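Report on the following structure.
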Amino acid sequence: MKWEENVRKVVPYVPGEQPNRPGMIKLNTNECPYPPAPGVKKVLKEFDYEKLRLYPDTQSTALVEALAEYYGVKKEQVFAGVGSDDVLAMAFLTFFNSEKPILFPDITYSFYDVWAELFKIPYKVLPLNEDFHIVPDDYKVENGGVIFPSPNAPTGVLESMETIEEIIKANQDVVVIVDEAYIDFGGQSALPLLEKYENLLVVQTFSKSRAMAGSRIGFAIGNEKLISYLNDAKFSFNSYTMDSLTIQIGAAAVKDGAYFKETTDKVIRTREWTKKELKNLGFSFQDSQSNFIFAEHKEKSAEDIFNYLKTKDIFVRYFKKPRIDNYLRISIGTDKEMETLIKELSEYLK
Ligand SMILES: *Cc1c(COP(=O)(O)O)cnc(C)c1O
Numbered sequence: 000m001k002w003e004e005n006v007r008k009v010v011p012y013v014p015g016e017q018p019n020r021p022g023m024i025k026l027n028t029n030e031c032p033y034p035p036a037p038g039v040k041k042v043l044k045e046f047d048y049e050k051l052r053l054y055p056d057t058q059s060t061a062l063v064e065a066l067a068e069y070y071g072v073k074k075e076q077v078f079a080g081v082g083s084d085d086v087l088a089m090a091f092l093t094f095f096n097s098e099k100p101i102l103f104p105d106i107t108y109s110f111y112d113v114w115a116e117l118f119k120i121p122y123k124v125l126p127l128n129e130d131f132h133i134v135p136d137d138y139k140v141e142n143g144g145v146i147f148p149s150p151n152a153p154t155g156v157l158e159s160m161e162t163i164e165e166i167i168k169a170n171q172d173v174v175v176i177v178d179e180a181y182i183d184f185g186g187q188s189a190l191p192l193l194e195k196y197e198n199l200l201v202v203q204t205f206s207k208s209r210a211m212a213g214s215r216i217g218f219a220i221g222n223e224k225l226i227s228y229l230n231d232a233k234f235s236f237n238s239y240t241m242d243s244l245t246i247q248i249g250a251a252a253v254k255d256g257a258y259f260k261e262t263t264d265k266v267i268r269t270r271e272w273t274k275k276e277l278k279n280l281g282f283s284f285q286d287s288q289s290n291f292i293f294a295e296h297k298e299k300s301a302e303d304i305f306n307y308l309k310t311k312d313i314f315v316r317y318f319k320k321p322r323i324d325n326y327l328r329i330s331i332g333t334d335k336e337m338e339t340l341i342k343e344l345s346e347y348l349k
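When we follow numbering that gives the first Met the number 0, the leftmost residue of the sequence shown carries the number 0, and every step to the right adds one.
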């Protein structure tokens, strides 16, 4: 049809499956196995439903102020969005407007190339080395911007502060986005670099470490000028993105630092236990500093293991893509869930 010639055509991002059967073990989308902070429940119970009559606070002030206080920055340095996917998409739209290609790793979060295609941003993917680490020298070329996650997804590999700074330092004429979706599981955030580099934007999410994937909260922290540009783009697109209830529960979650530490510590302990068990079963992997392990088995194919686990109602993630098609990405669940996973894997591999 002629009208189709002028349609924006995109191949959309494919999220992990969201099956929901009683008793199943869901280790495929890196969600937190524990509930959100108790304060969230309290807000939900006491929320006055009549307030839904009114539009929400366009600035998400309660949430932005709680985040600014927690991270020790000014509230003008914080941008809140509906999941970090929303924040990242807005950042692509706002900051990547050059004719030159933006740069990101070949193995990484599979939304980056989708947004680049959607917004018609040229891009170039740079191969990670054999150990799935970024090669900083590759990023010292002319470009229209840089984005990478640390720890990376789906590899779980954390980049050192030196590597991150080297990349930012070499790219001060463009915006560099560090996607820290998994930074709370043992890594050190790039946030302190904000004092030195005004072109750095750090993006984080409530979906993994704060156990609120269902609420869709993400945020960016950066220089005030960067944040004001982000806000200008957001207010030119949709001003009422975050609903009034979510603003309140998000703020309540941030204020409970003790619970946050307790749950992330638990996930880290379970992850370290799981690493040992997987090694014993003949799996190998780069050291993960996230809430998942990206592992390959020396004898059995990842696809076969993936399908076997499915028959046991255990869901992990498998990507049929170059370089990683023999890997499984296994999210860290509760101790009990991981024990069951290890038991089923030993059954299959014996
Ligand atoms: C999960 C994830 C996101 C998106 O998280 P939401 O806040 O749920 O949109 C962004 N980047 C990476 C690398 C992720 O793994």
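Positions of the beta carbon are idealized from the N, C-alpha and C atoms, including for glycine. Nothing here was measured: the structure is a model prediction, and the numbers come from that model.
Three-state secondary structure (DSSP) of residue i
i: Ala-67; result: helix
i: Ser-330; result: strand
i: Phe-118; result: coil
i: Glu-271; result: helix
i: Gly-80; result: strand
i: Ser-133; result: Looking at the sequence shown, residue 133 is not Ser but Ile. Note: Ile-133 maps to coil in three-state DSSP.
i: Ile-350; result: Since the displayed the chain opens at 0 and closes at 349, residue 350 lies outside it and no answer follows.
i: Ile-313; result: strand
i: Ser-159; result: coil
i: Ser-351; result: Any property of residue 351 remains undetermined from this structure, which presents the chain solely from 0 to 349.
i: Gln-353; result: Limits of the chain in this structure are 0 at one end and 349 at the other, which puts residue 353 out of reach.
i: Thr-243; result: Reading off the sequence shown, one finds Ser at residue 243, where the question assumed Thr. In the structure shown, Ser-243 sits in a helix (DSSP, three-state: H, G or I).
i: Val-6; result: coil
i: Ile-323; result: coil
i: Thr-57; result: coil
i: Pro-37; result: helix
i: Gly-15; result: coil
i: Glu-261; result: helix
i: Met-415; result: Lying outside 0 to 349, the shown extent of the chain, residue 415 is not represented and no answer is given.
i: Gly-256; result: helix
i: Asp-172; result: coil
i: Tyr-228; result: helix
i: Glu-302; result: helix
i: Val-113; result: helix
i: Val-266; result: helix
i: Thr-154; result: coil
i: Gly-213; result: helix
i: Gly-143; result: coil
i: Met-0; result: coil
i: Phe-94; result: helix
Those residues which DSSP pairs with residue i across a bridge
i: Gln-203; result: Phe-218
i: Leu-125; result: Pro-104
i: Asp-178; result: Pro-148 and Val-202
i: Ile-24; result: Ile-313
For residue i, the nearest candidate out of the options (CA to CA)
i: Val-9; options: Ala-252, Glu-116, Ala-79 and Lys-139; result: Glu-116
i: Asp-264; options: Phe-293, Glu-45, Arg-7 and Ser-208; result: Ser-208
i: Val-156; options: Val-6, Pro-18, Glu-64 and Phe-291; result: Phe-291
i: Thr-333; options: Val-266, Leu-192 and Ala-152; result: Val-266
i: Thr-93; options: Thr-273, Val-174 and Met-0; result: Val-174
i: Gly-143; options: Phe-91, Glu-129, Thr-162 and Pro-135; result: Phe-91
i: Arg-215; options: Leu-229, Asp-242, Ala-189 and Ala-301; result: Asp-242
i: Gly-185; options: Asp-172, Ser-159 and Lys-73; result: Ser-159
i: Phe-131; options: Pro-153, Trp-114 and Glu-161; result: Pro-153
i: Val-42; options: Ser-345, Ile-246 and Leu-340; result: Ile-246
i: Pro-150; options: Asp-183, Asp-172, Asp-136 and Pro-121; result: Asp-183
i: Leu-348; options: Asn-128, Glu-336, Ser-235 and Phe-305; result: Phe-305
i: Gly-193; options: Ala-210, Ala-219, Tyr-181 and Arg-322; result: A small correction: the amino acid at residue 193 is Leu; Gly does not occupy that position in the sequence shown. The shortest Cα separation from Leu-193 among Ala-210, Ala-219, Tyr-181 and Arg-322 belongs to Ala-219.
i: Tyr-326; options: Pro-148, Glu-295, Gln-203 and Leu-344; result: Glu-295
i: Phe-314; options: Ser-289, Glu-343 and Lys-320; result: Glu-343
i: Asp-178; options: Ile-146, Ile-163, Lys-195 and Ile-133; result: Ile-146
i: Met-29; options: Ala-180, Leu-280, Ile-341 and Ile-248; result: The sequence shown places Asn at residue 29, rather than the Met named in the question. The option with the nearest alpha carbon to Asn-29 is Ala-180.
i: Lys-119; options: Glu-98, Asp-255, Lys-309 and Gly-22; result: Glu-98
i: Asp-137; options: Ile-166, Thr-273 and Ser-109; result: Ile-166
i: Asp-324; options: Met-0, Glu-346, Ser-300 and Ile-341; result: Ser-300
Anticipated Cβ contact below 8 Å, residue i with residue j, distance rounded
i: Arg-20; j: Asp-312; result: 7 Å
i: Phe-354; j: Ala-36; result: The requested residue 354 is not part of the displayed model; the chain covers only 0 to 349.
i: Gly-217; j: Gly-80; result: 5 Å
i: Tyr-122; j: Ile-106; result: Their Cβ separation, rounded to whole angstroms, is 15 Å, which puts Tyr-122 and Ile-106 out of contact at 8 Å.
i: Leu-127; j: Pro-104; result: 5 Å
i: Met-211; j: Ala-250; result: That pair is no contact at about 12 Å.
i: Asn-222; j: Glu-197; result: 4 Å
i: Phe-95; j: Leu-229; result: Not a contact, Cβ separation roughly 12 Å.
i: Lys-50; j: Val-63; result: At roughly 19 Å, the Cβ-Cβ gap does not stay under 8 Å, so Lys-50 and Val-63 are not in contact.
i: Ser-283; j: Lys-297; result: 7 Å
i: Gln-351; j: Ala-67; result: Nothing in the structure corresponds to residue 351, since the chain is present only between 0 and 349.
i: Ile-331; j: Thr-273; result: 6 Å
i: Val-113; j: Tyr-12; result: 5 Å
Contact test: residue i Cβ vs ligand 2 heavy atom, cutoff 6 Å
i: Tyr-69; result: The ligand content of the structure shown is limited to ligand 1, which means ligand 2 is not among them.
| said: If you measure from each CB to the nearest heavy atom of ligand 1 and keep those under 5 Å, what residues do you get, in chain order? | reply: Gly-82, Ser-83, Asp-84, Tyr-108, Pro-148, Ala-152, Asp-178, Ala-180, Thr-204, Ser-206 and Gly-217
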